[in-house]
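Residue 18 in the numbering used here sits at position 25 of the sequence shown, and the numbers go up by one each step.
C-beta: ideal position from N, C-alpha, C; glycine also.
Report on the structure given below.
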Amino acid sequence: MSVTESIKQRALKIKRGEPFTTSSFLKLGSRAAVDKALSRLVESGTIQRIARGVFARPKKSRFIGNVMPDVSRIIEVIAKDHGETVQVHGAEAARRFKLSTQMPTTPVYYTNGPSREIRIGNIKVKLMHTTSHRKLQHAGKKPGLALSALWYLGKDNIDTEVVRRIREGLSTEEFETLRTSKMPAWMASAIENHIQGAAHG
-6 MSVTESIKQR ALKIKRGEPF TTSSFLKLGS RAAVDKALSR LVESGTIQRI
44 ARGVFARPKK SRFIGNVMPD VSRIIEVIAK DHGETVQVHG AEAARRFKLS
94 TQMPTTPVYY TNGPSREIRI GNIKVKLMHT TSHRKLQHAG KKPGLALSAL
144 WYLGKDNIDT EVVRRIREGL STEEFETLRT SKMPAWMASA IENHIQGAAH
194 G
C-alpha cells in the first residue's frame, strides 16, 4: 500500500473537525513522503489544511460550509506536538468567567515554548513565552483558566465578588483544586476571604 493510501485510511478514521498534525503519520513514511501525501489529500478535498502542519477532515455546516475546529483545540494539538504546555491568556480567561466584556482581538496564550505567532485560517494567534510555572498550572483545565483570570485581573481588582463568580463557573472539585494551587498570598487571601464569607453568609 502506498504512503498516500496508508495516510488516507488513517485520516478517515479521525473524527471530522478534529485537528491532527503531520507528525501523527511519520511512522508511515519519510517526512517528504508524508508531506507530499498530505498535500495530495488536501488537493482532493479529503482533508483541509488549517495551519502549518495542522489538518482536519472537513466538518460541514449547511449554513456556513466548512466549520473550523476551535482555536483552543488547534493550539492544544500544536503544543502537544512540540512538547509544550499552553494556557489561555488572562484576558480571555476573565471573559469566559464573565469578569470582563472585552473581547481580545488576537487570541493570546502563555507557553513554556518560544514566543511566536501562528496563523490559523485568517486568525493570527500569539504564543507568549513565560517562565512562570504557576501561570501554567492545570493548563487546559478550568482551575488553570481561573488562575489565569486572577493573575490578569491583579491584586487590586480581586474581591470576594470576583471569586464568587469564578466559583460559580467551577465544580466543587475544580474550586478545591484552584484553592490548593500555588499562588501569591494576595490571591490565596481573596479566595479564603470568599470561603469564610460564604460560610458565615
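Answer yes if the stretch 151 to 169 comes into contact with the stretch 110 to 117, meaning at least three C-beta pairs across the two stretches below 8 Å, and no otherwise.
no
Could you pull the DSSP bridge partners for E110 from this structure?
K119
With the cut-off set at 8 Å, would you say V79 and L140 are in Cβ contact?
no
Check I40 in the structure and name its three-state DSSP category.
coil
So which of K134, G106, A132, K117 has the shortest CA-CA distance to T123?
Of the listed residues, the one whose Cα sits closest to T123 is G106.
Tell me V79's beta-bridge partners as DSSP assigns them.
T104
Can you tell me the Cα-Cα spacing of A26 and F13, whole angstroms?
17 Å
Shortest alpha-carbon distance to I67 belongs to which of G133, E(-2), P177, M(-6)?
The shortest C-alpha separation from I67 is found at G133.
Could you check which residue in E154, G46, P62 has the C-alpha nearest to that of K53?
P62
CA-CA distance, R42 and Y145?
33 Å
Starting from A26, follow its DSSP beta bridges and name the residues at the other end.
DSSP lists no partner for A26.
May I ask you to verify whether the stretch 1 to 11 touches the stretch 32 to 41, counting CB pairs closer than 8 Å and requiring at least 3?
yes
Is the CB-CB distance between V70 and Y102 below 8 Å?
No, the pair does not count as a contact, with Cβ atoms beyond the cut-off.
G10: which of E154, V47, V60, R88 sits nearest, CA to CA?
V60
Looking at C-alpha atoms only, which residue of R172, I184, S23 is the closest neighbour of V(-4)?
Nearest of R172, I184, S23 to V(-4), Cα basis: S23.
In three-state terms, what does DSSP make of F48?
It is a strand residue.
Should L171 be listed as close to the ligand SAM, given that the test is whether its C-beta is under 7 Å from any heavy atom?
Only the bare structure without any ligand can be found here, which leaves the ligand SAM out of the picture.
Exposed or buried, K128, counting other C-beta atoms within 10 Å across all chains shown (16 or more means buried)?
buried
Within 8 Å, strictly: CB atoms of A183 and A142
no
Any idea which residues DSSP pairs S54 with across the strands?
G58
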